[in-house]
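Numbering (the UniProt record's numbering), first residue to last: 1 to 693.
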């Protein structure tokens, strides 16, 4: 009975669906990141706060279908990521059965093999198949549309119209199927000899987008809807220069060993399937299987256009998988049929050799692919394996820092494409009208807001709120992406008149706290005082540890490296010593970053911010003759003055303060040991200088 069921078409469809779902289920805990995280948060606001898409949000790059689906799932089923994944996986699992049906309707043999190939290839993590990429949402609609067209042996106009509507619904999730449209229209015309069928199909394609356009037009967002869904895409593909650059990128990208998303490196996983597909095409050309070959070849070529236009993004490979699976499934079936009938001939020997080579390559392909199909309890380790980088650990570390050290009431502005932070952290994002943008996007948005109101943001009295719905007129914390240029950072600071910014640079040794460069001094914000106290506990987990503040001034790079090298050795030598480097606002941060980021030290780096707050949390201040030394002395903080340029004690006029002058870096360790010993013994402050013999 079971064997009878599995051999029936219904049984094969059920088998392929369950196989696909079980393969996808292994990735149910894959986190939302990048575009998926952005869509999830924007859709939450669209559904829950009844805002208008393409109008109330500054950046809305995708068609409305994906926002609506995410919003409804998260509203009715909650925000658990595994629930969202499982629901979408039930939808994606229809792709292999649909490939099986289309292969049968085309009259191609090996339809079951094509379905299995699709189920295995479509979830390949190297092409981001396991991440419910947006390309996957269009494929079921596209395949359903093709299945209806192929089923209509006679010109059934209603069927063509319905098939067009299904294709148009796919456009509401991703615009990729537009490249298949010319091939399908030509196929309908030449196969059915009816221009009316092609026209009805095209009208059906336009209806879903037409309804969406009318809806957003009623919300005064029709123009933005057209621009974000089609305007950007059209502008990208009519630019010959840009497409030439993309083509060059495709040709050369496999040479880059340090790029996470390498287009042709993804392609090597499909070597066996390429060969089987080419073998199938050759056999179908010999047999003159015209209509089916024209349709599939056209679709495969259209997918190739997507690959060229997509440049380095591996998820564009998902568009090729169904057509590649159909051809390779047919090729595998025909090759297997020949091998299954042994005969003493040269023809059979050649095919046997081909099978031997394919089996050998298949073993290598399986070895390359298998590690990516393993179940990972920590899904971020899977992402690290896929992308060969720590990119997503960055967001985990930032979110953990926010959750650990910052109050829930803080509002955060993330300048840069890092929507993961909104998912991972429990703090609120500052501007819900522009959730994810780069600094220029925020600058443009807030300038337009200010010009429309005719007011200015004043952080001291909080008269104006740029978003109109928040208590604070500026965010407590701003986090910048490393891609943001310095000039846009300063512009954003000036808009907010924002004193301080926390920018967490990933790496165990670096953390920056920055502020805008104002002409007049502004009193430190309360939130910065809170951050400095928490910074002490983060740097020195042990209460008995010694925190050393190195306050620098503009110096030659050789002097900087000499001081840093000595401090690095001392920190490594004394496990209870911790270093906090506060560089001068006019200094170039590059040599400090270069020195520290390659070293696993107990060091933190601060570029901007009031040094007075840092002096309150340190045990000793070291400075190369900066006036910070006097500020530290006035706060009764022991000071080590480094003077490598002369042996003149410039602070001999300061009495009753613990100021230690050194003139070579070799004297630093003994000086610090004396300071900590005196502090432990609670000796009265005395001033001393250490000179060279």
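Where is the CB? At the ideal position from N, CA and C, for every residue including glycine. Note that the structure is a prediction, hence the values are computed from the model and not measured.
A buried status is given to residue 209, since no fewer than 16 other beta-carbon atoms sit within 10 Å of its beta-carbon. Checking the DSSP bridge columns, you'll see residue 579 partnered with 548 and 603. Rounded to the nearest whole angstrom, the C-alpha separation of residue 65 and residue 229 is 11 Å. Counting along the chain, the unbroken beta strand (DSSP E) around residue 660 starts and ends at 659 to 662. In the pairwise beta carbon analysis, the segment 545 to 553 is classified as touching the segment 581 to 590: at least three pairs are separated by under 8 Å. Excluding residues up to 5 positions away in sequence, 40, 43, 44, 47 and 84 lie with their Cβ nearer than 8 Å to the Cβ of residue 74 in the same chain. For residue 144, the enclosing alpha helix (DSSP H) begins and ends at 134 to 151. The three-state reading of DSSP puts residue 206 in helix, counting H, G and I together. Ranked by Cα distance from residue 161, the first of 196, 319 and 180 is 196. Between residue 322 and residue 91, the alpha-carbon positions lie close to 16 Å from each other. When C-alpha distances from residue 353 are compared across 339, 676 and 329, the shortest belongs to 339.
Exposure of residue 586 is indicated by the presence of fewer than 16 other C-beta atoms within 10 angstroms of its C-beta.
Comparing C-alpha distances from residue 182 to each of 349, 199, 116 and 100 shows the shortest one belongs to 199. When the five nearest sequence neighbours on each side are left out, the beta carbons in the same chain lying within less than 8 Å of the beta carbon of residue 542 are those of 576, in order along the chain. When rounded, the separation of the alpha-carbon atoms in residue 224 and residue 136 is 25 Å.
Contact check for residue 119 and residue 194: beta-carbon distance about 35 Å, past the 8 Å limit, so the pair fails to qualify. Remark: C-beta atoms of residue 131 and residue 173 do not approach each other more closely than 8 Å. Secondary-structure assignment with DSSP links residue 320 through no beta bridge to anything. Proximity of the segment 111 to 125 to the segment 143 to 152 falls short of the contact definition, fewer than three beta-carbon pairs being nearer than 8 Å. Excluding the 5 residues flanking it on each side, residue 345 has no same chain C-beta neighbour closer than 6 Å. About 31 Å separates the Cβ atoms of residue 68 and residue 187, ruling out a contact at the 8 Å cut-off. Cβ-Cβ separation between residue 115 and residue 97: approximately 7 Å, consistent with a contact (criterion under 8 Å). In the three-state scheme derived from DSSP, where H, G and I count as helix and E and B as strand, residue 567 is classed as helix.
By the CB criterion at 8 Å, residue 675 and residue 620 fall inside the cutoff. The criterion of a C-beta distance shorter than 8 Å is not satisfied by residue 605 and residue 632. If you look at residue 621, you'll find it in the beta strand (DSSP E) that goes 620 to 623. Per DSSP, the unbroken alpha helix (DSSP H) holding residue 112 starts and ends at 111 to 121. With fewer than 16 neighbouring CB atoms inside 10 Å of its own CB, residue 61 falls in the exposed class. Note that the C-beta distance between residue 643 and residue 661 is below 8 Å. Here the alpha carbon of residue 596 sits roughly 39 Å from the alpha carbon of residue 82. Collapsing the DSSP output to three states places residue 642 in a strand. Taking 8 Å as the upper bound for CB-CB distance, residue 561 and residue 591 are in contact here, some 7 Å apart. Note that the C-beta distance between residue 640 and residue 617 is not below 8 Å.
Counting only residues of its own chain and dropping the five nearest sequence neighbours on each side, residue 177 has a CB closer than 7 Å to the CB of 138, 142, 167, 170 and 171. The three-state reading of DSSP puts residue 93 in coil, since its state is none of H, G, I, E or B.
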